[in-house]
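All remarks here apply to the structure that follows.
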Amino acid sequence: MMNECVLVVDDDREIVKAIALLLEKEGYQVLKAYDGMEALELVAEQPIRLIIMDVMMPKLDGLSAVMKIRERKNLPIIVLSAKSEDTDKILGLSMGADDYVSKPFNPQELAARVKSHLRRYTSLGDINAQQQADEIHNGRLCYRIEERTLYADGEPVKLTATETKIVDLLMRNRGRIFPAEEIYQRVWEEDAFAPENTVMVHIRRIREKIELNPKEPEYLKVVWGIGYKMEKI
Amino acid sequence: MDTKWRKFRIILSFTAFFVGMTLLLNNFISMINLIGSSWDSLSARMGTDYQEQEDFRWYMSNRLEELLGVATGGKGWNSYGVTYSNGDIYYGNGYYNDGWWWETSTDVQEAEQAVGEEISEDIAAYAGEASSSDITYSDGYWRERQEESGIYGDEYGYRKPDLDSYMKEYARDKNLRYAVLYKGKLLYTNMEQLETQVGEELKNTDFQSYLPQDEEYNFCLWFNDKGDGKVRINKDGQDLDVYGDGVYTEDSLWFVPGYTNFNVDETTKEAVVFIAAAKKPKLYIAGNYSQYGSNQNWGGLYSLQQRQQYRYDQYQACKWKLLTALLLLTLAFLFRKDKRLGDQAIGRFLGHIWMEPKLLLFVGIPILFLLTGGREMLRELIWILEDEAYLGIEELSYYAGMFIMRGTFLTAVFWMIYLGAVDLRLNKGHRKFLFGPLVLSLRTRELKLPVQKRMVERYCQVLVPAVLSTVFTIAAAVSYENSYREWNSSALVMLLFAIFSWLWLLIFGTWHLRKNKQLAKDLGALSNQILEIREGNLTKRLELPEDADLKAAAENLNEIQQGMETALREQTKSERMKVELVANVSHDIKTPLTSIVSYVELLKQEEELPEHVKEYVQILGEKSERLKTMIQDVFEVSKAASNQLPVNMERLDLGKLLRQTLADMNTQIEESGLGLKTSIPEKPVMIFADGQRLYRVFQNLIQNALKYSLSGSRIFLTLTDDGKAAVASIKNISDMELDDAKDFTERFVRGDTSRTDGGSGLGLSIAKSFTEACGGSFRVETNADLFTVIVEFAVVHQ
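First to last, the sequence lines map onto chains R and Z.
Using the numbering used here, read the first sequence as starting at 1 and increasing by one per residue.
Using the numbering used here, read the second sequence as starting at 1001 and increasing by one per residue.
Written out as structure tokens, the structure reads:
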């Protein structure tokens, strides 16, 4: 499982080196490329499992390289970009990238994302094919109803009883927005009085256990002025 | 050749049109008479036989009446069957019809002349009793002669002539043969074969056999020859139906006794009268040189016949003129294309003439016509058409004579109007005014004036003629009244001035009305344009014609608009460039920052570093994090400032949003050691905004309050909803002294200027720009140390 080969592509050699160091510490084998063409060559030659690709590069830019790679290989690609606009993210993802991390990124988060993608890609394989009746899949997350257990990247997440109840409610109703009052009533099973703080505290704790970057949650989101929801991914 | 033929055709067609129209109009009234009559009387009137005419019938009736008077010894015999005038003897005049002789004049000129000058005098002269008595008074010679002949008018007290001398004169007109019998005895006759038997009982009463054979007497009238008191008429050997259905009415042809309602008394029944009329009456002249020289026997049947001949000629002439006119007009119609070319040639010629004389000619003459003859003529025309039955041919002919003159006038009026119309149609747009330069200078002067003065001047230019016309009209009316409703010269002059004032008023009034209409339209366009500019449409320009009153204003507005457009474009451009600059800069900063963050992380993972180095690394990590946040903030605030911040608007509960924010920031608040007092209504306060952006607004505001509050003081967060506006306010006591003059929402402005407290200085700026991007209003109030931020949104109802 370890020594998986990760390709890091960026025209900034220092960044490539830093990422390589971080990932090597995590136990990955790292290949380095400094432009799109190099990346394509390496992809063709080496048994690469994941690519971290900068967008703005000489010779062949990141997004074009992603498109070319996608023509032949089905492997996770994380795009790095100094642009952080939503439109840039959407563009990157629609070009075939699996994830989008804007610069300057948190190295720990990047490592966590790499790990997450590799786990899903290698050990879980195609999610849809394996879907079972009592399982609710949502991106990196998988909730097994029978076990009342939430898995993130295939690993069980340790949740308290209340947290489990909240996860149970939200995972079963992915995409639906729940006002704090409703969550409180259904989880604590009593009338709510100023439930915002209580619910928020739990939400925050769950986030810390399931989100790669709890400050910018991808799954458990606050819909400001309305309520909370589990994003359907 | 071709052009010659073309030219010929043009001249031909136009001449045909001209002559045709002139003929048509000249005979306009006569034609109405012709066409307006019923066919029966028309054919009779148009015939040559004078015996078919109404005046002949009346003449014969009167002779019968007269001779019956003679026969029975009644008083009715002297009904002026014979009168003298100017040395001639007239037969059968003066009892009826003053005007017949107009038509005996042989041509139009004579008639016109007669209408003009001699009318009153001549009518009086031929009016029978008046004429003879006048002449008797004025001239001793004539009186003497009348005494000799014994013929007088009795109304004026003169001796009535004795019957024998009267009948002597009577017998001289051989066009009319007669025989008068009473109780079978022949009393009077002028038939040579019978004259020997006067005073005797007449055996043979076949009067026709006594008529002279060398003259043709085709009309015979018998009264009572069968002893029935009735009249029998034979014309050209055929008996006429005298009585019709036997009852006399006004429409009956013969005014003779024998109708069931028109009988004779017993004495009259003893009388028998025979009258015969010559087919071709002659003028008999008596050479009484022993008494008073030659004596022409005018009037009577000869005159009737002459009159009919003349009338016939008139009708024939009229008919031929009508036919010629129609023919010519048809010709003109067939060559109407060439005629149009002719019109154009005339139009070209007229184009060289100034408008003023043309106006005078083409408008003045018709107006003159209307003012003088037109009214009268129309009245007469209406009279004729309304009461045609009443008018005898003599009345008609009298008016016809007048109308001939009027017809000429009508023709002139028609051609004036026609030429005016041709000129109006063909010379549109390039009219030549004698007063043109004057008008031009007036307009130039007007254009120099500002628009408000122009308008005032226009009102004056209309007001002056309006006042003048009123004054002159009143003056004319007063003058007319004072001179006993006669048009004297001063009244006419006043009227003329009034007409000029009216024309002035009309011309200026129309001109200014048009101008003012245009002005009103332009004013509307101008205010619309202002509205358009207000609504942000800066590309559409207001184009007004060169001479429009508001041209200058429109131009100015267009310039303002253009200036605004340019300024706006520049502004947009510079804003975009600013955002691009910030985006590029932040991108360029982000790349090295990534390296810094990454290597700091690597440093953090080094186990062997001394403690103080680890502390440095910690600081580096914190500062690089802050740099990252700041770059993001700068980018967003610059986007928001140039309205390029994407917002995702939705309905949300502001109260809930505040509670969520507070819950989210609970830890920070607790750590700050400051008290937070909230007043948020339980019920939803729905507004329309981007929740994510609004969270950032309140997050920033609360962070700001936490950061700059006096330690131990309290922060007040309140939300009120008055049904219209949701107002959230955050109040805190500032740690630092506040500078009232400072705008805290400006970028990089902080409570203190030393910039050592760790804030980016963008908190309030972001809060403000995000609030405004969501459609809310944001304001900061400071009162001593009390710092208040108020965020306001419109409440959305269901």
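Note that CB positions come from ideal geometry on N, CA and C, so glycine has one too.
Return the first residue and the last residue of the beta strand (DSSP E) that residue i is part of.
i	result
Z/Val1256	Z/Val1256 -> no beta strand (DSSP E), and no H or E assigned at all.
Z/Asp1164	Premise fails: Z/Asp1164 lies in the alpha helix (DSSP H), 1163–1171, not in any beta strand (DSSP E).
Z/Ile1730	1725–1733
Z/Trp1511	From DSSP, Z/Trp1511 is part of no beta strand (DSSP E) but of the alpha helix (DSSP H) over 1489–1534.
Z/Arg1177	1176–1182
R/Ile226	That residue, R/Ile226, is in no beta strand (DSSP E); it is neither H nor E in DSSP.
Z/Gln1296	1293–1299
R/Phe193	First-last for R/Phe193: undefined, no H or E at that position.
R/Asp54	50–54
Z/Met1686	1686–1689
Z/Leu1286	Residue 1286 of chain Z is actually Ala in this sequence, not Leu. That run of the beta strand (DSSP E) goes 1284–1288.
R/Leu150	149–152
For residue i, count neighbouring C-beta atoms within 10 Å of its own C-beta (all shown protein chains included) and say buried if the count is 16 or more, exposed if not.
i	result
Z/Thr1249	exposed
Z/Asn1700	buried
Z/Leu1495	buried
Z/Met1564	exposed
R/Ala18	buried
Z/Lys1768	buried
Z/Phe1349	exposed
Z/Leu1513	exposed
R/Gly227	buried
R/Asp134	exposed
Z/Val1613	exposed
Z/Asp1236	exposed
Z/Glu1611	exposed
Z/Trp1298	buried
R/Ser102	buried
Z/Leu1211	buried
Z/Gln1213	exposed
Z/Ser1489	exposed
Z/Ser1013	buried
Z/Gln1306	buried
Z/Trp1487	exposed
If you check the beta carbons only, do residue i and residue j fall under 8 Å apart?
i	j	result
R/Met56	R/Gly36	no
Z/Ala1332	Z/Ile1365	no
R/Tyr28	R/Glu4	yes
Z/Val1637	Z/Ile1730	no
R/Ile52	R/Leu75	no
Z/Ala1726	Z/Leu1654	yes
Z/Pro1469	Z/Ser1501	Checking the sequence, you will find Ser at residue 1469 of chain Z rather than Pro. In this structure, Z/Ser1501 lies closer than 8 Å to Z/Ser1469 by Cβ.
R/Leu22	R/Ala112	no
Z/Ser1709	Z/Leu1738	no
Z/Phe1561	Z/Leu1581	Phe is not the amino acid found at residue 1561 of chain Z; the sequence shown has Gln there. Contact: no.
Z/Asp1423	Z/Lys1339	no
Z/Leu1764	Z/Phe1744	yes
Z/Met1491	Z/Ala1476	Looking at the sequence shown, residue 1491 of chain Z is not Met but Ala. Yes.
Can you check DSSP and say which residues form a bridge with residue i?
i	result
Z/Phe1223	Z/Val1231, Z/Val1273
R/Lys32	R/Val8
R/Ser81	R/Ser102
Z/Cys1318	In the DSSP output, where bridge partners are listed per residue, Z/Cys1318 has none listed.
Z/Val1780	Z/Val1789
Z/Ser1709	Z/Ser1734
Z/Leu1694	Note: Z/Leu1694 sits in no beta bridge, so no partner.
Z/Glu1650	Z/Ala1689
Z/Leu1719	Z/Ala1728
Tell me which residue opens and which closes the alpha helix (DSSP H) that residue i is part of.
i	result
Z/Cys1460	1451–1482
Z/Pro1592	1551–1605
Tell me whether the region 215–222 of chain R and the region 1675–1684 of chain Z touch, counting them as touching only if at least three CB pairs, one residue from each stretch, are closer than 8 Å.
The region 215–222 of chain R, when compared against the region 1675–1684 of chain Z, does not touch it at the 8 Å Cβ threshold.
Would the region 1004–1013 of chain Z count as touching the region 1314–1327 of chain Z if we require 3 or more Cβ pairs under 8 Å?
no
Are the region 71–85 of chain R and the region 1576–1593 of chain Z touching, with three or more C-beta to C-beta distances below 8 Å?
yes
Stretch pair the region 1645–1660 of chain Z + the region 1779–1786 of chain Z: three plus CB contacts closer than 8 Å:
no
Counting pairs of beta carbons, one from the region 1768–1777 of chain Z and one from the region 1687–1706 of chain Z, are three or more of them closer than 8 Å?
A contact between stretches requires three or more CB pairs, one per stretch, nearer than 8 Å, and the region 1768–1777 of chain Z meets this requirement with the region 1687–1706 of chain Z.
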